[in-house]
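Down below is the structure, laid out as structure tokens.
2 protein chains.
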Amino acid sequence: MMRKKVKLAYITNNAARKAMYKKRKMGLIKEVSELRTLCNVDACAIIYSPDDSQPEVYPSPLGAVRVLAKFKNMTEKKHIKKMRDQESFLQQCIAKVNEELENRRKKNREKEITKLLLKGLVAPSSLQDLSLPDLNGLSSLIDLYLKDIDQRMEKLSLGQTQEEDCKPPTVAVQVEAATTAECPSEFDDQHAGGGATAATGPGI
Amino acid sequence: MMRKKVKLAYITNNAARKAMYKKRKMGLIKEVSELRTLCNVDACAIIYSPDDSQPEVYPSPLGAVRVLAKFKNMTEKKHIKKMRDQESFLQQCIAKVNEELENRRKKNREKEITKLLLKGLVAPSSLQDLSLPDLNGLSSLIDLYLKDIDQRMEKLSLGQTQEEDCKPPTVAVQVEAATTAECPSEFDDQHAGGGATAATGPGI
DNA sequence: CCGTCTATCTATAACGG
DNA sequence: TCCGTTATAGATAGACG
Chain A
1 MMRKKVKLAY
11 ITNNAARKAM
21 YKKRKMGLIK
31 EVSELRTLCN
41 VDACAIIYSP
51 DDSQPEVYPS
61 PLGAVRVLAK
71 FKNMTEKKHI
81 KKMRDQESFL
91 QQCIAKVNEE
101 LENRRKKNRE
111 KEITKLLLKG
121 LVAPSSLQDL
131 SLPDLNGLSS
141 LIDLYLKDID
151 QRMEKLSLGQ
161 TQEEDCKPPT
171 VAVQVEAATT
181 AECPSEFDDQ
191 HAGGGATAAT
201 GPGI
Chain B
1 MMRKKVKLAY
11 ITNNAARKAM
21 YKKRKMGLIK
31 EVSELRTLCN
41 VDACAIIYSP
51 DDSQPEVYPS
61 PLGAVRVLAK
71 FKNMTEKKHI
81 KKMRDQESFL
91 QQCIAKVNEE
101 LENRRKKNRE
111 KEITKLLLKG
121 LVAPSSLQDL
131 SLPDLNGLSS
141 LIDLYLKDID
151 QRMEKLSLGQ
161 TQEEDCKPPT
171 VAVQVEAATT
181 AECPSEFDDQ
191 HAGGGATAAT
201 GPGI
């Protein structure tokens, strides 16, 4: 009949609450004390009651400060480590993006060269005002085309023993141009504006 | 047969200690939680186990930091107040000591004057090379002596109707000199050296 | 290591002084 | 408000799977 099951809720009765607070506080501190003794751990408890002017600090203000300094130190270290981790992660991201950017630049250069080549095929006089690097790139590209053409012709000649022709090169150039045209210019720093892109997708 | 009464001491058995730690930690946290709920108090607990890499922080690292910031703030305020109190206490001490010092200086001056007076009585020519303040002090001291003599003689004449004599003054001077000679020169800043005195007594 | 079980121990709710 | 008492709810030591 005594000892009804205590309901876990705020005790509105003032005196009862204060009495409960005192009792439980004592029990709690005893618990902490026992834990410290039994398991040799650093533990502290800080309890503020609006009903009590003094906060209860176990094992002592000094001891509590010691424990919480340790805790603060550890969390700070963790925070720094986290920051470090994030930083290295971001640096990895940047490196990755930079690599991709370099790739895109290279492809873009090739595309430009291809455009010039096509233009030159249509109107040879337009090649007059090209810079030396452009001409170099153009020549190396043409070399690549020629190599590709040689390989294709070799395959064709092995399979069907056909005579040489001028058609394959032209087709190859057109195919290449079409392929590169499929690539969107998201990473094309040579032509895209300098504005930042706004990410609107969820969870980024 | 089960459940022997647990001895309140460090559990040397490793596994048993760890198991105990986990169980009691849980219980402790539950207690803190209930206290918070039942009495609406701000309470936190921080527990470090050497067996555990992570410290246990209730209600949460953030919550604990909040509570301990409150505590730190309060203790700092207290500390400042304590410092203030100590400061004012020390100032009071200093004032007291200064007062006593001034007293001692005064007595010392009187003693010096007495010495000069006695010297002068033995060899009157030695009064020649005294400074004006010394002479002034000497004269006022003589005035005091004379006053004292008058009073004593009055008492004597009232009690015994005796004739005036020159003996009492001399006796008075000797008594006074003897009395002042009993005072050790601990606070005698006029003659003591400037070295600090070493306190060797216990509990100071 | 981890959860579960149970006999036991401990803390404490309710009450009276 | 504080202390003491008492019966009980809740915590837990030790064992087991």
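Chains as they are written, first to last, in the UniProt record's numbering: chain A, 1 to 204; chain B, 1 to 204.
Even glycine gets a Cβ: it sits at the ideal position worked out from N, Cα and C.
Worksheet item: Since Y58 of chain A is in the beta strand (DSSP E), which residue starts that stretch and which ends it?
Response: E56 to Y58
Fill in: Cβ neighbour criterion (16 or more within 10 Å) applied to I47 of chain B
That one is buried.
Item to complete: Determine whether the Cβ of residue 262 of chain B lies closer than 7 Å to any Cβ atom of chain A.
Response: Only positions 1 to 204 of chain B appear in the structure, and residue 262 of chain B is not among them; the question remains open.
Discussion item. Could you give the first and the last residue of the continuous alpha helix (DSSP H) run that contains A16 of chain B?
Written reply: N14 to C39
Worksheet entry | Cβ-based contacts, 8 Å cut-off: residues of the segment 28-57 of chain B near chain A | Within the segment 28-57 of chain B, the qualifying residues are L28, E31, V32, E34, L35, T37, L38, C39, N40, V41, D42, A43, C44, A45, I46, I47, Y48, S49, P50, D51, P55 and V57.
Item to complete: Go ahead and pull the three-state DSSP assignment for A45 of chain B.
Response: strand
Worksheet item: With 7 Å set as the bound, which would you pick, yes or no: does the beta-carbon of M83 of chain A sit closer than that to a beta-carbon of chain B?
Response: no
Worksheet entry | Same chain, Cβ closer than 8 Å to V175 of chain B, five either side skipped, listed in chain order | Here V175 of chain B scores only 39 on pLDDT, less than 50, and its place in the model should not be relied on; the value that follows carries that caveat. Closer than 8 Å at the Cβ level, and outside the excluded window around V175 of chain B, lies no residue.
Worksheet entry | Nearest-angstrom Cα separation, counted from K96 of chain B out to R66 of chain B | Taking the straight line from one Cα to the other gives about 45 Å.
Fill in: A9 of chain A, DSSP secondary structure in three states
When DSSP states are grouped into helix, strand and coil, A9 of chain A belongs to the coil group.
Fill in: Proximity test, Cβ basis, 7 Å: P61 of chain A and chain B
yes
Item to complete: Return the Cβ separation of G63 of chain B and E31 of chain A in integer angstroms, given the expectation that the two are a contact with Cβ distance under 8 Å.
Response: Contact doesn't hold; Cβ gap of about 19 Å is too wide.
Discussion item. Mapping the DSSP letters down to three states, classify S140 of chain B as helix, strand or coil.
Written reply: helix
Discussion item. Any beta carbon from chain B within less than 7 Å of L8 of chain A's own beta carbon?
Written reply: yes
Discussion item. So the candidates are B:C44, B:A19 and B:A15; which of them puts its Cα closest to the Cα of I29 of chain B?
Written reply: B:C44
Fill in: Contacting positions in the segment 66-81 of chain A - beta carbon closer than 9 Å to chain B
V67, L68, K70, F71, K72, M74 and T75
Worksheet item: Looking only at C-alpha atoms, which of A:S157, A:K81, A:N73 and A:E34 sits nearest to P61 of chain B?
Response: A:N73
Practice prompt. Answer with buried or exposed for T10 of chain B, where buried requires no fewer than 16 other C-beta atoms within 10 angstroms of its C-beta.
Written response: The residue you asked about is not Thr; residue 10 of chain B is Tyr in the sequence shown. Exposed, since its Cβ has fewer than 16 Cβ neighbours within 10 Å.
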